[in-house]
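Structure representation (structure tokens):
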């Protein structure tokens, strides 16, 4: 295990998706268990989180490694697991940018950070209509719904989604998190959301707290 | 691309020539006062018109031209670790910590008090750590030890606590010799010291148009040991120089060039650096105003004149008249540093840590100024244009709608292209509030404490340290006998 984690760490710190794929495939060929590799990746991601906190690495590093590990886990490793539930996740999140708003990047970053932190993430994309959020909650039964709004004029859509969840009697089944430049803790409170974070890193902490509070 | 270069020019080459010609007229017709018979004799023998009673030397243009020819167009000053070497000349820009200030803002109380030897040590440690500060002056003048030994204790603290290049002492022949003796120990002998200069010092002509006895004597010792010598008048427009900045430049130029003639006569080829501490006198208070925007202009034109004579330059920048690290300090320091740097002053001193027109040092300000120097260094690097930086391939591959965060091009380039701040706060409001809503001074104070707790400068060789201590004892003995 310790040798495997060293190999994985080296590949991840090269900030190169192809390299990580190559090393992962080689480890599999040499007999490593896919779940063990996932655990090694998760451990290195945690180390990288610490490095980021210390200012040793930066957002692009986290994002590149996030994308690479997401690819390796979902495309290379998970298909090999006998039971999909073998990969332990800490919660399920449905996430999207609200209707009328095509700002995708911030939301995608949050989705990626949540994934690398161990959440299962269903990303609805951008400009997501109210009813699509509602349907996704019905279909996926998530622990958390996350909504992003980057424009002051699209911000009220976050409230509309919460109201729609109430109308469909789903609000008590799910936690709601909101974010985006014009959003604040005060706004989150005003519209009756359960969580708010200023950035993608903080969003992971808030989400973890929410599922902890729920479980 | 990693070259830090200034390129700002305020005057046309015709205007620079006019300043030169006006200075020649002053040097030939009025001359400069040298308060040293020895210096006057040397100048007289070389061809200057000397009046020993008036202690003045009128210097013809050909002597100036000969001196310029003998002066190196660049010079290198080393730290005790030779990896720290500053090549002064051209458009290169380096930053220096402030030095010899009488007061310091106490880190704990925030009150102004007199400087101590312990302050010198702590400032050297912080300066050693600060990656954007390349050269270290002695921060404060230590009031807790006898004046007559401050020059050896101060330099010892420097050699002990940093591997970066240092300022040396120049007030009087004997004291300057003491410093040279110590530097020779570090260099491994006098000849080695001449080859790899470790000390740089400054001769301040006393404007208008005179050189003091102590400074001349110090200058001659520096010339003898071939340590780079800055000649830098502190002319104040309206008080000790004309109210017009062009007139100040004419007078300052005559003061610098006359000092250079003497240095080159004493030891041809000695490195002389074209310097300035000049600015305006504040006409409301009569005080010197080093934070004035005019100081920025004077430095910009000084850099241009230095290049005209093909000499290295040293000037001020990042100076302020404020008493504390506040908004005025940020404003004046940013604007004066930016001007001096963009104009290409090779070594910008009186800078990091200084407040109050260089009367008071501040620990927090030093850390803030390290950040400022980092930002200005980034500005000096400018914007590089080539295939890689034009990024056409990556713009094509990302296309509309997507983002650049996951591009290899981003990882490869962002740290080269962006200055990454150490203490500047770019968090969003709630994160900042959660961390205590601290302002920059408070953050800088915490950083000072952290550095002083953790940073260990590279230790001095034991035998070298012992030898330096022996020289200090010798000087102490000599100075107490004198009393």
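Protein chains in written order, with my numbering: chain A, 114 to 328; chain B, 6 to 488.
C-beta: ideal position from N, C-alpha, C; glycine also.
| Query | Result |
| --- | --- |
| Min CB distance residue 124 (chain A) to chain B below 8 Å | no |
| Per-residue burial, residue 7 (chain B) [other beta carbons within 10 Å of its own, 16 or more giving buried] | Only weak support exists for where residue 7 (chain B) lies, its pLDDT of 42 falling under 50; the coordinates are left without a value. |
| Residue 216 (chain B) in three-state terms, based on DSSP | strand |
| Environment of residue 251 (chain B) [buried if 16+ CB atoms lie within 10 Å] | exposed |
| Within chain A, the residues that residue 459 (chain B) reaches when beta carbons sit closer than 9 Å | Those do not exist, as residue 459 (chain B) stays about 14 Å from chain A at its closest Cβ, beyond 9 Å. |
| Bridge partner(s) assigned by DSSP for residue 119 (chain B) | B:108 |
| Between the CA atoms of residue 277 (chain A) and residue 206 (chain A) - distance to the nearest angstrom | 18 Å |
| Nonlocal neighbours in the same chain, by C-beta distance under 7 Å from residue 71 (chain B), ignoring five residues either side | none |
| Given 8 Å, three or more beta-carbon pairs between the segment 277-287 of chain B and the segment 218-237 of chain B | yes |
| Endpoints, the alpha helix (DSSP H) within which residue 171 (chain A) is located | From DSSP, residue 171 (chain A) is part of no alpha helix (DSSP H); its letter is neither H nor E. |
| Cutoff 8 Å: residue 445 (chain B) Cβ touching any chain A Cβ | no |
| Chain B contacts from the segment 172-196 of chain A (Cβ-Cβ distance under 8 Å) | 172, 173, 174, 176, 177 and 180 |
| Residues bridged to residue 277 (chain B) [DSSP beta-bridge criterion] | B:234 |
| Chain B contact for residue 232 (chain A) (CB, 8 Å cutoff) | no |
| Residues near residue 133 (chain B) in its chain [Cβ-Cβ closer than 8 Å; skip 5 each side] | 141, 166, 167, 168, 169, 460 and 462 |
| Nearest neighbour of residue 485 (chain B), chosen from B:275, B:38, B:151 and B:381 [CA to CA] | B:151 |
| Contact set between the segment 382-399 of chain B and chain A, restricted to residues whose Cβ is under 9 Å from the partner | none |
| Where residue 435 (chain B) meets chain A, residues with beta-carbon distance less than 8 Å | 297, 298 and 311 |
| Alpha-carbon to alpha-carbon, residue 110 (chain B) and residue 458 (chain B) | 19 Å |
| 8 Å Cβ cutoff, residue 246 (chain A) in contact with chain B | no |
| Cβ of residue 128 (chain A) within 8 Å of any chain B Cβ | yes |
| Any non-hydrogen atom of the ligand HEM within 7 Å of residue 138 (chain A) CB | As for the ligand HEM, it is missing from this structure, which has no ligand bound. |
| Own chain partners of residue 146 (chain B) with C-beta closer than 6 Å, once the 5 adjacent residues on each side are dropped | 105, 107 and 120 |
| Close Cβ partners of residue 294 (chain A) (< 6 Å) along its chain, the five nearest in sequence each way excluded | 263 |
| With 16 other Cβ atoms within 10 Å as the buried cut-off, status of residue 423 (chain B) | exposed |
| 6 Å CB neighbourhood of residue 275 (chain B) in its chain, flanking five on each side removed | 228, 231 and 268 |
| DSSP-derived helix/strand/coil call for residue 196 (chain A) | coil |
| Residue 324 (chain B) vs residue 356 (chain B) beta-carbon contact at 8 Å | yes |
| Own chain partners of residue 128 (chain A) with C-beta closer than 7 Å, once the 5 adjacent residues on each side are dropped | 174, 177 and 178 |
| Spatial neighbours of residue 243 (chain A) in its chain, beta-carbon cut-off 6 Å, leaving aside the 5 residues before and after | 273, 274 and 277 |
| Identity of the residue in B:149, B:135 and B:164 nearest residue 143 (chain B) by Cα | B:164 |
| Simplified DSSP assignment, three categories, for residue 328 (chain A) | In this prediction, residue 328 (chain A) has a pLDDT of 39, which is less than 50 and means its spatial position is unreliable; what the coordinates show is noted afterwards. In the structure shown, residue 328 (chain A) sits in coil (DSSP, three-state: anything other than H, G, I, E or B). |
| 8 Å CB neighbourhood of residue 130 (chain B) in its chain, flanking five on each side removed | 166, 167, 456, 457, 460 and 462 |
| Residue 401 (chain B) to residue 74 (chain B) span [Cα, whole Å] | 55 Å |
| Residues that residue 419 (chain B) contacts on chain A, provided the C-beta gap is smaller than 8 Å | 171 and 173 |
| Residue-chain proximity (residue 91 (chain B), chain A), Cβ-Cβ < 8 Å | no |
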